[in-house]
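The block underneath contains the structure these notes are about, expressed in structure tokens.
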Amino acid sequence: MTTALITGASAGIGAAFAQQLAAHQTDLVLVARSQDKLQELAHSLKHQHQIQVDIIVQDLTAPDATEIIFQTVQQLGRSIDLLVNDAGIGDYGDFAESDRNFQLKTVQLNIATIVDLSHRFLTGMRQRRTGGIINLSSVGAFQSMPYFSIYAATKAFVLSFSEALWAENRSYGVHVLAVCPGPVGVKFFQEAGFPSTLVDVAIKFDTPIETVVRDALKAFEKREPIVIPGNPINPILATLPRFVPREWIPSFWKLVLGYNFER
């Protein structure tokens, strides 16, 4: 039986990965900050699917978070066959007027944590010549996005990083996939500080969380390097920047996202 480690597992896409992997009899190590939510999910999955589920309650933005996670996995005696890097945050607003510490925290969680965990667990996968990593990127990775600049830039890193790892590790039997969804639910946008008018627009292009995860797992099985799940507009948004002048894309998103900040 294989074992998957999932970050951001207490809710949203991370919890959906846990549920769908559990249904395929995959043992789990679930990581998130919320102990209550993790315990509730772990209890449900254990009894529903008769699998082993361990939880690690950890704030992934803490300086020693990845070391704690890795050492805990070793102490549990678990060998990680699939790493799902789902945890991430974003902040809507004018960069110059934003909270600098939060932006650095975003870079830490969305980039550094993924790099660190991938490096720690990839070594064992290559030695065993099996396993994989699923990294949550975004359709925003394909374009510069004023007023959501740090988030989009971090997701561009995740996409590029994942594609490179996909190529580096194919000959070792290890697969790496970048998942690039568009809008998924409203909670993320609300927590990122988007105004209700923009949240209402995002809902119109929403992809159900279960669809994102199902498409991701199908793409992983097919050993594809990238998947853009859900709404048909998402592949269009991902492809369009290749065919228009480069400055058009940030100018377009400035119009869409920036009306609150026009002087």
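Each residue of the sequence shown is one higher than the last, beginning at 0 in numbering that gives the first Met the number 0.
Each residue gets a CB set at the ideal place from its N, CA and C atoms; glycine is no exception.
Option in the options with minimal Cα separation from residue i
{"i": "A41", "options": "P249, N100 and L4", "result": "L4"}
{"i": "W252", "options": "G139, V178 and S170", "result": "G139"}
{"i": "L135", "options": "P180, P244 and P194", "result": "P180"}
{"i": "V129", "options": "L75, V175, K186 and E246", "result": "Here residue 129 turns out to be Thr, not Val, going by the sequence shown. If we check each option's Cα against that of T129, V175 comes out closest."}
{"i": "F101", "options": "A191, I232, P234 and A166", "result": "A191"}
{"i": "A86", "options": "D98, Q57, S78 and D93", "result": "Q57"}
{"i": "I232", "options": "A201, L256 and L37", "result": "A201"}
{"i": "W247", "options": "D35, S143, S137 and N84", "result": "S143"}
{"i": "Q34", "options": "A10, Q107 and F120", "result": "A10"}
{"i": "L82", "options": "S117, P62 and T71", "result": "S117"}
{"i": "D115", "options": "A215, P62 and A152", "result": "P62"}
{"i": "I88", "options": "E167, S148 and L20", "result": "S148"}
{"i": "I133", "options": "H46, K221 and G257", "result": "K221"}
{"i": "Y150", "options": "Q19, S137, A215 and S78", "result": "S137"}
{"i": "N168", "options": "A31, L197, E223 and F141", "result": "E223"}
Short Cβ contact (8 Å threshold) for residue i with residue j
{"i": "R125", "j": "V173", "result": "yes"}
{"i": "G92", "j": "Y171", "result": "no"}
{"i": "T112", "j": "L59", "result": "yes"}
{"i": "V183", "j": "D205", "result": "yes"}
{"i": "I208", "j": "I12", "result": "yes"}
{"i": "V255", "j": "G229", "result": "no"}
{"i": "I68", "j": "I55", "result": "yes"}
{"i": "T153", "j": "T105", "result": "yes"}
{"i": "L29", "j": "L37", "result": "yes"}
{"i": "A15", "j": "L44", "result": "no"}
{"i": "P240", "j": "F141", "result": "yes"}
{"i": "A215", "j": "V178", "result": "yes"}
{"i": "G131", "j": "F219", "result": "yes"}
Assigned exposure category for residue i - 16 Cβ within 10 Å defines buried
{"i": "A95", "result": "exposed"}
{"i": "T122", "result": "exposed"}
{"i": "W165", "result": "buried"}
{"i": "G76", "result": "exposed"}
{"i": "R262", "result": "Residue placement at R262 cannot be trusted, given a pLDDT of 46 that sits under 50; what the coordinates show is reported in the next sentence. Result: exposed."}
{"i": "V72", "result": "buried"}
{"i": "Q70", "result": "exposed"}
{"i": "A263", "result": "An answer regarding residue 263 cannot be provided, because it is not within the stretch 0 to 262 covered by the chain."}
{"i": "D98", "result": "exposed"}
{"i": "F242", "result": "exposed"}
{"i": "S250", "result": "exposed"}
{"i": "T238", "result": "exposed"}
{"i": "S161", "result": "buried"}
{"i": "T6", "result": "buried"}
{"i": "I235", "result": "exposed"}
{"i": "L103", "result": "exposed"}
Residue interval of the alpha helix (DSSP H) (run including residue i)
{"i": "N168", "result": "S148 to N168"}
{"i": "D199", "result": "S195 to K203"}
{"i": "N100", "result": "R99 to V106"}
{"i": "A177", "result": "Not the alpha helix (DSSP H): A177 falls in the beta strand (DSSP E), residues V173 to V178."}
{"i": "L59", "result": "Run containing L59: none; DSSP gives neither H nor E here."}
{"i": "P182", "result": "Run containing P182: none; DSSP gives neither H nor E here."}
{"i": "R213", "result": "I208 to E220"}
{"i": "E39", "result": "Q34 to H48"}
Start-to-end residues for the beta strand (DSSP E) that takes in residue i
{"i": "T271", "result": "Here the chain comprises residues numbered 0 to 262, so residue 271 is not present and cannot be evaluated."}
{"i": "A237", "result": "Run containing A237: none in the beta strand (DSSP E); it sits in the alpha helix (DSSP H), I232 to T238."}
{"i": "G123", "result": "Element bounds for G123: not the beta strand (DSSP E) but the alpha helix (DSSP H), T112 to R127."}
{"i": "I55", "result": "V52 to V56"}
{"i": "A31", "result": "D26 to A31"}
{"i": "N134", "result": "G130 to L135"}
{"i": "T23", "result": "For clarity, residue 23 is His in the given sequence; the question names Thr instead. Looking at the DSSP string, H23 is not in any beta strand (DSSP E), and its letter there is neither H nor E."}
{"i": "L81", "result": "L81 to N84"}
Contact with chain C by residue i, beta-carbon distance below 8 Å
{"i": "I227", "result": "The chain inventory of the structure shown lacks chain C, comprising one protein chain alone."}
Original post:
Three or more C-beta pairs closer than 8 Å, one from the stretch 47 to 55 and one from the stretch 19 to 27: is that the case here?
Top reply: yes
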